[in-house]
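For reference, the structure is listed below as structure tokens.
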Amino acid sequence: MKRTGFVYDDCYLRHDTGGYHPECPERLSATIKWLESSGLLPQLARLPAVRADQRWIEAVHNIHYIIRFEEACNFGLSEFEHPDNAICRETYEVAYYAVGGVLQALTAVMAGEVDNAFCAVRPPGHHAEVDKPMGFCYFNNVAIGARYLQQKHGVGRVAIIDFDVHHGNGTQHIFDQDPTVFYYSIHEHPSFAYPGTGREFEKGSGPGQGYTVNSPVLPGRGDEDYRRLMTQDMVPAVKRFDPEFIIVSAGFDAHVSDMMSGVNLSTDGYDFITEMLVNLAERCCGGRMVSVLEGGYNLDVLPLLIENHLKIMAGLR
Amino acid sequence: MFISDRMCRELITAGPDLTIGEARALMTEKGIRHLPVVDGDGKLLGIVSDRDLRDAMPSTLLKKADYEQTLARISGHPISEIMTGNPQTIYPYYTIQDCLLIIQKKKVGALPVVDDNGRLQGILSTRDLLKAFVNVMNIDEPGTLLCIVVEEQRGQLKKIVDIITEERISLGSVLVSRHWDTEKRAIFPYLLTNNVINVKKRLLEVGFKLIDPMQWHLEQLPKR
């Protein structure tokens, strides 16, 4: 069994998306309730969410963008630069705590207090660009995490692996030219699904050429394609990159029952993905891995999928 | 969708006396495949394509000495001898649709655009057309494609658009295909949002059928 850290704080529920939005507080409240009743929660090392220092957010995002975000929330707007991005007055603060939770998990793993960790945070982050909110995301939690590891803990090479059903355009673009951060994403094919990027020919540019790998999955496909694509495209590329740390963008919206996508991944398929990532982290970087919640909108299955993900990370299955 | 907004106006042109050798160097340098030929008044005389140039070149199978000798002889000829004279032209008030049909019918790679006096105004290549369609379909913006099969009857698209509007979703484009089934049509709205759960649920509630896009496979289309 491994010591697995778990980041969650009730403050994440205060990002109110207006009651008619799939990225809702119930995603986390249902998950916590489920983890409490299943008895898993006491077996995890609870890590507190703290407010991130703005300098880490500035390591990725444009300061003018950060100010625009703050103003939109303070002004009481209900959306930020696109109807997808629902906000409330508290969203700005909550987003700092989401980033802070991730940084806390990274610190705990680096200090050896835990072996790996999962961050049940919202708002999610992987669509957020340097100066633009997109697809329910404001601050790019995983990208900020990668920069934090490099600048604070002297980690050289970080791999970000993104299995949310949507392509993590923000993360890809932030590290497009950067050979020190490898980005892999498997997602529904961009001709059908948001955000319309993440085609196989997007491989990074300049010095970052070859440090981005994308596996689009056609709608209607599922476990078999994930198994094949991750084995073929991801595993060899990550081994070659030889990361010192793996950060995971964990989206549970590729599940067959999740109406956000047309991809049909099964519950077992998700287990397979987690097993693969845990093994990869074991082989490459002493198991150092922090997984961060992105999407997953079916409230009936999200808690179970997170429970399975956690159990495999903790070596309980 | 008039082509005046889409055509290339920064023109690289040549006079009829330019030699084949010079034209070849110019087109390589500028990375163009079509060179309009104009007279002193800017009136279009013809067009030279990279294909016309290649046709004029000596065979690469010739021995090197032979090749160079022939090339030297050819290079001095004026392009007026190899250009397509009186080419198919279009006017700035033509639409993108006109040009699609003309290009398809005439099998050309670019169309010179002239005014009513025959003066060259611009050129529209198949690449400009492709760019226009990427833009019209809005696929360079983030969004999600829905695939809906409907019975062939009046008012179906209205119902779909109403639901999309009520969900406050911005529409990137809508494609309608009749080649589905004799009684059915497939409608593909491209929605500029990540948030498709509610709109999908509402479409299902009113009885529309959302299809797996992979069923939309060419082999399964009726051949007509």
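Residue numbers (the working numbering), protein chains in the order written: chain A, 109 to 425; chain B, 4 to 227. Quick reminder that beta carbons are idealized off the backbone N, C-alpha and C, glycines included.
Quiz prompt | Below-7 Å beta-carbon distance, B/T92 vs any chain A residue | solution = Not one chain A Cβ lies under 7 Å of B/T92.
Self-check item: Within 7 Å, strictly: CB atoms of A/Q285 and A/P315
Solution: In contact: A/Q285 and A/P315 (Cβ atoms closer than 7 Å).
Quiz prompt | A/G306 versus A/S374, A/N277, A/T288, A/L326, residue with shortest Cα-Cα distance | solution = A/G306 has its Cα closest to that of A/N277, out of A/S374, A/N277, A/T288, A/L326.
Quiz item: What separation, rounded to the nearest whole angstrom, lies between the Cα atoms of B/D118 and A/A251?
Solution: When rounded, the distance between both Cα atoms is 53 Å.
Exercise. Given a cut-off of 7 Å, decide if A/V263 and A/H295 are closer than it, judged by their beta-carbon atoms.
Key: Between A/H295 and A/V263, the CB-CB gap reaches or exceeds 7 Å.
Quiz item: Once you ignore the five residues that flank B/M4 on each side, which residues in its own chain have a CB closer than 8 Å to its CB?
Solution: Excluding residues within five positions, the ones whose Cβ falls inside 8 Å are T98, I99, Q100, A135, V139.
Quiz item: Can you name the start and end residues of the beta strand (DSSP E) that B/L64 belongs to?
Solution: Where B/L64 is concerned, there is no enclosing beta strand (DSSP E), given that its DSSP letter is neither H nor E.
Self-check item: Closer than 7 Å to chain A by CB, B/P192
Solution: No, its Cβ sits nowhere closer than 7 Å to a Cβ of chain A.
Exercise. Please say whether B/I85 and B/A59 have beta carbons closer to each other than 7 Å?
Key: Yes, the Cβ-Cβ distance between B/A59 and B/I85 is below 7 Å.
Quiz item: Under the DSSP definition of a beta bridge, which residues are partnered with B/T92?
Solution: For B/T92, DSSP records no beta bridge to any residue.
Quiz item: Would B/D215 count as contacting chain A if we go by Cβ distances under 7 Å?
Solution: True, the Cβ-Cβ gap to chain A drops below 7 Å.
Exercise. Starting from the beta carbon of B/L148, find every residue of chain A whose beta carbon is closer than 8 Å, and list them in chain order.
Key: Neighbours of B/L148 in chain A, taken as residues whose beta carbon is under 8 Å from its own, are S299, F300, A301 in chain order.
Exercise. Tell me, to the nearest whole angstrom, how far the beta carbon of A/P327 is from that of B/D215; I am working on the premise that it is less than 8 Å.
Key: The C-beta distance from A/P327 to B/D215 rounds to 6 Å, short enough to fall under 8 Å.
Quiz item: What does A/G306 reach in chain B if we use C-beta pairs closer than 7 Å?
Solution: Neighbourhood of A/G306 in chain B, by CB distance below 7 Å: empty, with the nearest CB roughly 11 Å away.
Quiz item: If the cut is a Cβ gap below 7 Å, which residues of chain B does A/Y405 touch?
Solution: Within chain B, the residues near A/Y405 are I200.
Quiz item: Do the segment 392-408 of chain A and the segment 225-237 of chain A meet, that is, are 3 or more Cβ pairs less than 8 Å apart?
Solution: Counting Cβ pairs under 8 Å, three or more are found: they touch.
Practice problem: Give the single residue among A/G113, A/M421, A/F271 whose Cα lies nearest to the Cα of A/S369. | Solution: Put simply, of A/G113, A/M421, A/F271 the residue whose alpha carbon is nearest the alpha carbon of A/S369 is A/F271.
Practice problem: Go to A/C227, then tell me how far its beta strand (DSSP E) extends in each direction, as first and last residue. | Solution: Judged by DSSP secondary structure, A/C227 falls within the beta strand (DSSP E) whose first and last residues are 224-227.
Self-check item: Simplified DSSP state of A/Y120, which is helix, strand or coil
Solution: Correct three-state label for A/Y120: helix.
Practice problem: Using 10 angstroms around the beta-carbon of A/D361, count the other beta-carbons present and answer buried if the total reaches 16, otherwise exposed. | Solution: With at least 16 other beta carbons inside 10 angstroms of its own, A/D361 counts as buried.
Quiz item: Is the segment 188-197 of chain B close to the segment 153-168 of chain B, with three or more CB pairs under 8 Å?
Solution: The segment 188-197 of chain B is in contact with the segment 153-168 of chain B.
Quiz item: Between B/L149, B/V179, B/L178, which lies nearest to B/K204 when the distance is taken from Cα to Cα?
Solution: Out of B/L149, B/V179, B/L178, B/L149 has the C-alpha closest to the C-alpha of B/K204.
Practice problem: Output the residue ranges of the beta strand (DSSP E) runs that lie fully inside the segment 106-140 of chain B and measure 3 residues or longer, sorted by chain position. | Solution: For the segment 106-140 of chain B, whole beta strand (DSSP E) runs of length 3 or above, ordered along the chain, are 113-117, 123-128.
Self-check item: Beta-carbon gap between A/T139 and A/P411 smaller than 7 Å
Solution: Yes, these two residues count as a Cβ contact at 7 Å.
Self-check item: Every unbroken beta strand (DSSP E) within the segment 320-376 of chain A, with a cutoff of 3 residues, ordered by chain
Solution: Taken in chain order, the complete beta strand (DSSP E) segments of 3 or more residues contained in the segment 320-376 of chain A are 320-325, 353-358.
Quiz item: From this set, A/G243, A/Y116, A/Q340, A/K260, which residue's C-alpha is nearest A/E440's C-alpha?
Solution: Only positions 109 to 425 of chain A appear in this structure, which leaves residue 440 of chain A out of reach.
Self-check item: Residue nearest to B/G45 in terms of C-alpha spacing, selected from B/K110, B/G125, B/D55
Solution: For B/G45, the nearest C-alpha among the options comes from B/G125.
Self-check item: B/V199 classed as buried or exposed, judged by whether at least 16 other C-beta atoms fall within 10 angstroms
Solution: B/V199 comes out buried.
Quiz item: What residues in its chain sit with their C-beta under 8 Å from that of A/R197, if we drop five residues either side in the sequence?
Solution: For A/R197, the CB contacts under 8 Å within the same chain, skipping 5 residues up- and downstream, are C181, N182, G184 in chain order.
Quiz item: At what residues does the beta strand (DSSP E) containing B/R188 begin and finish?
Solution: Its beta strand (DSSP E) spans residues 187-194.
Quiz item: What are the residues of the segment 125-138 of chain B that lie near chain A, defined by any Cβ-Cβ distance shorter than 8 Å?
Solution: Going along the segment 125-138 of chain B in chain order, one finds no residue with a Cβ nearer than 8 Å to chain A.
Quiz item: So is B/P145 in contact with chain A if we call contact Cβ pairs under 7 Å?
Solution: Yes, B/P145 lies at the interface with chain A (some Cβ there is under 7 Å from its Cβ).
Self-check item: Chain-ordered chain A contacts of B/K204 [CB-CB under 9 Å]
Solution: Residues of chain A passing the Cβ test: M367.
Quiz item: For B/F1, which beta-bridge partners are listed by DSSP?
Solution: Absent from the structure is residue 1 of chain B, since the part of chain B shown begins at 4 and ends at 227.
Self-check item: Minimum Cβ-Cβ distance from B/R171 to chain A less than 7 Å
Solution: Judged by the 7 Å Cβ criterion, B/R171 is in contact with chain A.
Quiz item: How many angstroms separate the CA atom of B/A28 from the CA atom of B/L21?
Solution: Taking the straight line from one Cα to the other gives about 11 Å.
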